[in-house]
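The structure under discussion appears below in the form of structure tokens.
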Amino acid sequence: MKKLTLFLLLLFLLSFSLQGCGSGDSSSSGGDSGTSNDPDDPTVPTPSQPPSSNTVLSSQSLGELTDLGDYLNSPGEEWFFASTIDVNSAGQIIGESPGNRLIFWDPANPMTMEVIPLLPGSTNADAHEVLKINDHGLVIGNRYSGENATRAFIWNSVTKAITNLDDELSLENTLVADINGSGAVVLTADTTDDGRRAYFWDGQSGSSAVPLFGILGSTSSESVSLNDHRQVVILSKEQGVYYDLTIGESNGYGRATLNTLPGVESSTPVAINNNKRIAGTSGNEGFFWAGGVMYPISNPNGDAIEIVGMNNNDIVIGNSGGQAFIWQLNAQGKGEYSNLGTLRGSYSHAVDINDQNEIVGYSTTDKSYIEGNVTADVVHGFLWKDGTMYDLGAHSPPNYEYPFNPDFYSSKAVAISETGIVTGISFSINSHSRGFTLTPTFP
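So the sequence shown is numbered by my numbering: it starts at 109 and just counts up by one.
What follows is the structure, encoded as structure tokens:
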């Protein structure tokens with residue numbers, strides 16, 4: 109889930125990297141990568157040295173980051189805050205900007221950033237979020253209007269129509285979680301017995317939402333994720349529950365509780381793919397679920413596992429012990445866990461994977477930002493493919509000239525499309541960000 113406050117994430121990165129005090133120009137923090145560097149270009153490993161398990165290439169190896177602009181300022185003054193959330197196969201990007209502005213960027217009209225309309229009746233006191241855009245340009249999001257007052261919406265970037273899911277489905281306090289390729293969604297809404305319930309809706313106007321009940325003894329359930337074949341995973345009473353809506357209501361929609369790993373009382377699903385596999389966590393371990401059986405995903409060092417996502421090749425990504433990892437079953441049906449490595453820093457974090465097995469995220473580098481008494485690690489977005497971690501570098505607004513240097517020194521990738529288009533942000537020492545897009549050209 110790529111939601112949850114980009115602002116908090118940036119503050120985390122800042123608090124993670126702020127250190128001691130120092131003075132002078134930017135200098136290296138001395139990250140240990142296991143390889144020496146070319147003195148002419150410190151981002152390139154010395155060819156005579158053996159490569160690390162994951163090769164790191166320079167920031168110029170995939171192409172330049174393209175600034176998305178902003179909706180507020182005229183040319184020459186384009187500096188306004190913009191953050192990105194998701195990108196689809198056409199390269200259309202959604203994100204957020206201050207002042208309750210939800211933004212949409214289309215490569216077919218790259219000089220204009222469109223503001224997504226808010227639901228009728230919205231006020232400046234409300235908070236809004238966008239979560240995902242599918243390949244038909246349908247955008248899902250939520251409005252928060254005070255304690256437990258929510259309304260989910262779908263915005264059509266082609267027709268410009270916005271659908272209030274409270275009104276469309278005759279539900280109250282809807283909260284959407286996911287959308288699939290055909291426009292079906294899973295959401296959560298209030299029930300008449302003071303609980304909350306997960307629902308599936310096929311996205312067709314006039315059709316009803318299908319309630320997805322939780323496990324026995326629970327009055328509540330919460331939507332998590334769905335695939336392109338009407339299979340859904342929800343959360344109920346701290347356990348994951350699988351639904352197959354192709355089976356039909358008379359057979360209970362093929363409902364199955366995921367259960368838990370031994371000695372643990374909870375399981376938290378994160379994603380379901382088109383093969384009906386589910387990935388998530390149970391206690392401090394990850395899990396891979398198929399056909400009713402759970403297989404543990406463990407860090408050999410014993411660190412707690414965070415599962416981020418899974419693609420349709422049954423490859424799982426996550427983070428553990430300060431390192432991004434990839435996990436998959438080998439030909440013998442055994443799990444293989446591998447760290448992705450870092451950009452010569454001490455920390456990496458994966459955020460998304462596509463069906464080309466390309467992974468994006470961010471990592472500390474071996475550089476530092478040092479100005480006055482402020483010192484911070486330089487963080488860069490990465491794209492990982494076939495054992496190589498590519499450093500995406502960072503970018504500055506092309507149409508605004510800052511009086512000081514550096515300005516935007518760090519970056520993070522936030523999403524990658526099935527066609528390999530990357531979106532992310534570059535950000536400054538005070539967490540001011542600018543959105544970017546990149547269509548990689550691999551060397």
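Backbone N, C-alpha and C fix where the C-beta goes; we use that ideal spot for every residue, glycine too.
Can you tell me the Cβ-Cβ gap for residue i and residue j, rounded? I've got them flagged as a contact below 8 Å.
| i | j | result |
| --- | --- | --- |
| Asp214 | Gly289 | Not a contact, Cβ separation roughly 19 Å. |
| Val284 | Trp263 | Wrong, their Cβ atoms sit about 11 Å apart, outside the cutoff. |
| Ala190 | Gly199 | About 16 Å separates the two Cβ atoms, so there is no contact after all. |
| Leu451 | Leu173 | Leu451 to Leu173, Cβ: 15 Å. No contact. |
| Trp187 | Pro505 | 5 Å |
| Asn272 | Leu227 | 6 Å |
| Ala306 | Val293 | The pair is not a contact, with the Cβ atoms about 11 Å apart (cut-off 8 Å). |
| Tyr350 | Ile405 | Between Ile405 and Tyr350 the Cβ distance is about 18 Å, and since that is not below 8 Å, they are no contact. |
| Leu210 | Gly249 | 6 Å |
| Ala398 | Gly426 | No, Ala398 and Gly426 are not in contact; Cβ-Cβ is about 17 Å, not under 8 Å. |
| Leu343 | Asp286 | With a Cβ gap of about 13 Å, Leu343 and Asp286 do not count as contacting. |
So, helix, strand or coil for residue i, using DSSP?
| i | result |
| --- | --- |
| Glu276 | helix |
| Asn335 | coil |
| Asp444 | Checking the displayed sequence, the identity of residue 444 turns out to be Glu instead of Asp. Here Glu444 sits in strand by DSSP. |
| Asn359 | helix |
| Arg385 | coil |
| Asn209 | The sequence as given places Arg at residue 209; Asn does not occur at that position. Strand at Arg209. |
| His457 | strand |
| Asp463 | coil |
| Gly430 | coil |
| Ser290 | coil |
| Glu330 | strand |
| Asn196 | coil |
| Asn217 | coil |
| Phe535 | strand |
| Ala306 | strand |
| Ala364 | strand |
| Val372 | coil |
| Leu320 | strand |
| Pro225 | coil |
| Gln436 | strand |
| Ile478 | strand |
| Ile415 | strand |
| Asp301 | coil |
| Glu204 | strand |
| Gly171 | coil |
| Ala285 | strand |
| Gln347 | strand |
With a threshold of 16 other CB atoms inside 10 Å of the CB of residue i, please say whether the residue is buried or exposed.
| i | result |
| --- | --- |
| Thr220 | exposed |
| Gly185 | Before going further, note that residue 185 is Glu rather than Gly in the sequence given. Exposed: under 16 other Cβ atoms inside 10 Å. |
| Lys240 | buried |
| Gly543 | buried |
| Val401 | exposed |
| Lys520 | buried |
| Val266 | exposed |
| Glu373 | exposed |
| Lys475 | buried |
| Asp178 | buried |
| Leu324 | exposed |
| Gln339 | buried |
| Ala235 | exposed |
| Thr354 | exposed |
| Thr300 | exposed |
| Glu357 | exposed |
| Ala379 | buried |
| Gly322 | buried |
| Gly394 | buried |
| Asp494 | exposed |
| Gln157 | Low local confidence applies: a pLDDT of 32 at Gln157 is under 50, so the model's placement there is unreliable, with the coordinate-based value given in what follows. Per the 10 Å Cβ criterion, exposed. |
Along the chain, where does the beta strand (DSSP E) that runs through residue i open and close?
| i | result |
| --- | --- |
| His236 | 235–241 |
| Glu509 | Where Glu509 is concerned, there is no enclosing beta strand (DSSP E), given that its DSSP letter is neither H nor E. |
| Ala260 | 258–264 |
| Tyr179 | Careful: Tyr179 lies outside any beta strand (DSSP E) and carries neither H nor E. |
| Trp187 | Trp187 -> no beta strand (DSSP E), and no H or E assigned at all. |
| His488 | 482–493 |
| Tyr517 | Tyr517 -> no beta strand (DSSP E), and no H or E assigned at all. |
| Ser525 | Unbroken run through Ser525: none, as it is neither H nor E. |
| Pro552 | The structure shown does not extend to residue 552, since the chain is modelled only from 109 through 551, so no value can be given for it. |
| Arg251 | 246–252 |
| Ser541 | 541–546 |
| Ala100 | Nothing about residue 100 can be read from this structure; the chain reaches only from 109 to 551. |
| Pro408 | Run containing Pro408: none; DSSP gives neither H nor E here. |
| Asp422 | Premise fails: Asp422 is in no beta strand (DSSP E) and is neither H nor E. |
Does the contact criterion of 3 or more C-beta pairs under 8 Å hold for the region 406–423 versus the region 359–368?
They do not touch, by the three-pair rule.
Taking 8 Å as the cut-off, does the region 502–514 touch the region 442–451 (at least 3 CB pairs, one atom from each stretch)?
At 8 Å Cβ cutoff, the stretches do not touch.
Stretch pair the region 475–493 + the region 438–445: three plus CB contacts closer than 8 Å
Segments in contact, no.
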